[in-house]
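To keep things clear, I will list the structure first and then write my remarks on it.
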Amino acid sequence: MKTSNFSELNLIPALLKALTDEGYERPTPIQTQAIPSLLEGRDLLGCAQTGTGKTAAFALPILQRLSATKGKHRILKALIVTPTRELAAQIDESFKTYGRHLHLRSVVIFGGVSQTHQVNDLRRGADILVATPGRLLDLIGQRLISLNALDIFVLDEADRMLDMGFINDVRKIISHLPDKRQSMFFSATMPREARDLSDRLLLNPVKVSVTPQSTPVERINQTVMFVSKENKLKLLESLLRDKAITKALVFTRTKHGANRLTKQLTQSGISCIAIHGNKTQNARTKALEGFKSGKVRILVATDIAARGIDIDSITHVINFDLPNEPESYVHRIGRTARAGNDGIAVSMCSGDERDYLDDIQKLIAAKIPLDRDHPYHCRESEAGLVNGMSAVQYRKEKAQQKALEFQKYKQARSSGARDANAPRPRGGSYSRSSGHK
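In the UniProt record's numbering, the protein residues as written are 1 to 437.
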């Protein structure tokens, strides 16, 4: 079904006016495919990566269906569960934006902050609730939230929810839902656990798949630069001094790496800010607001924290560290080239990351163009070598070295004195399992 404008989707005038206010002219493919079925009350299984317009794909039908509901408003009728605080806040903002001409009220709840303000919001009544799993279950347990009258349930970013260990929380939430409801399940990837969960949640769903997770958005210009680990910072600094980079998202593999890189860039006179799971909610909100408004043009992030970033104007994504899970590469670069814009994704690859690059290229079924035209090109890294060793052998030796350091540390501790040659071992590992600290 090809649709050239939103009016062809049978949306009510109040929603069309809100879309016009925001400058939206044409629906995205997932909106075209999903909205008509959702307006009919069908369950939906959506396989869609970030940046495809899926929030509007479920928010618009929810607002339209609830606005037509007879009876008392301010009784919870729709619940959207999502993995991160940032994503929850942005989905709530979308409901408020699209529903500005309707008499419906949305509330958002998440952990990491006091529940007092959120509870007060709930007591004033809500038609729509956007929540993260932990805080939702806490308030259900305190009998501050009832799902008895719920008509619509949305599980968003399901694959990341499972990655973050929320599977049991999600199952508990599903157990609280009324049997008669409309359900929507969105996931960028469909691992077996996600498929099993969708089978439990959905009844005869419409299936929508837009831009499979292994396929990066076509408008993203991707390049890879081979560089030694020691020269990565210098290469990044040279890239970020380019004034054409107006809003850049830089990825590191760990929280510690994000903090360290932010400090190093700041010391070099490059203004930036970090966002990751160890930051307080206020710090994360402030970082996102500064980045979104343009006060800060460079945001350093980890994979999980970045799942809540929904900003149309990101011009560049830079992988300072390649992800050790190839699917994360697609999620990362999907932060650019949104809302019809073009985007640029630059990946730095040191010798110990060469097999990560191979896995990424296997997943996306394409070779990422190589850029040797920079002063820090490293032939050894291009060959997948570190100090003459393969990437796998290098990580193995580093892991053995850390294990030996830890053994020395334990021996020193057990003897009651810390040996000068047995320093406290630093955290981190070079194995594949270490990517999400």
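Every residue, glycine too, gets a C-beta built ideally from N, C-alpha and C. Every value quoted in this text rests on a predicted model; they were computed, and no experiment measured them.
- Selection Ala131, Met161 and His101 evaluated against Ile109 yields Ala131 as nearest (Cα-Cα).
- The three-state reading of DSSP puts Gly351 in helix, counting H, G and I together.
- Within the same chain, and ignoring the five residues on either side of Pro29 in sequence, the residues whose Cβ sits closer than 6 Å to its Cβ are Val210.
- Look at Gln222 here: in three-state DSSP terms it is strand.
- A Cβ-Cβ separation of about 19 Å leaves Lys54 out of contact with Leu66 under the 8 Å criterion.
- Comparing alpha carbon positions, the residue from Arg74, Asn221 and Phe166 closest to Thr82 is Phe166.
- Judged by their CB atoms, Ile298 and Ala248 are nearer to each other than the 8 Å cut-off.
- In the displayed model, Asn278 falls within coil according to three-state DSSP, outside both helix and strand.
- Annotation note: the segment 34-75 contains the following uninterrupted beta strand (DSSP E) runs of length 3 or greater, listed N- to C-terminal: 44-48.
- Spanning the alpha carbons of Thr302 and Ala258 requires a straight line of approximately 7 Å.
- Nearest in C-alpha terms to Val170, of all of Ile270, Ala34, Leu79 and Glu22, is Leu79.
- The residue from Val154, Lys263 and Ala337 with its alpha-carbon nearest to that of Asn221 is Ala337.
- Under the three-state reduction of DSSP, Gln182 is assigned to strand.
- Here the alpha carbon of Cys349 sits roughly 34 Å from the alpha carbon of Ile91.
- Taking Leu44 as reference, the option from Arg143, Ser198, Gln142 and Asp163 with the minimal CA-CA separation is Ser198.
- Here the C-alpha atom of Asp342 lies approximately 37 Å from the C-alpha atom of Gly134.
- A distance below 8 Å separates the beta carbons of Ile245 and His316.
- With fewer than 16 other Cβ atoms from the protein chains shown falling within 10 Å of its own Cβ, Ala68 counts as exposed.
- DSSP places Ile318 in the uninterrupted beta strand (DSSP E) bounded by His316 to Asn319.
- Separation of Thr285 and Val227 (C-alpha to C-alpha, rounded to the nearest whole angstrom) is 33 Å.
- According to DSSP, Phe406 shares a beta bridge with no other residue.
- When rounded, the separation of the alpha-carbon atoms in Leu322 and Ser347 is 7 Å.
- Met184 is not a Cβ neighbour of Phe6, given a cutoff of 8 Å.
- Using a Cβ distance threshold of 8 Å, Asn319 and Phe251 count as a contacting pair.
- Membership of Ser106 in the beta strand (DSSP E) is indicated by the continuous run Ser106 to Ile109.
- Relative to Pro178, the option among Leu150, Arg192, Ala158 and Asn168 whose CA is nearest is Leu150.
- Per DSSP, Lys17 has no beta bridge partner at all.
- Rounded to the nearest whole angstrom, the CA to CA distance from Pro326 to Gly125 is 43 Å.
- DSSP places Ser94 in the uninterrupted alpha helix (DSSP H) bounded by Arg85 to Tyr98.
- Taking the CA atoms as reference points, Ile314 sits about 7 Å from Arg335.
- In the three-state DSSP reduction, Met161 falls in the helix class (H, G or I).
- When secondary structure is reduced to three states using DSSP, Gly343 falls in the strand class.
- Here DSSP, grouped into helix, strand and coil, assigns Lys207 to strand.
- The closest CA to that of Lys234, considering only Asn278, Ala14 and Gln264, is found on Gln264.
- Our two residues, Ile273 and Val300, have alpha carbons roughly 6 Å apart in a direct line.
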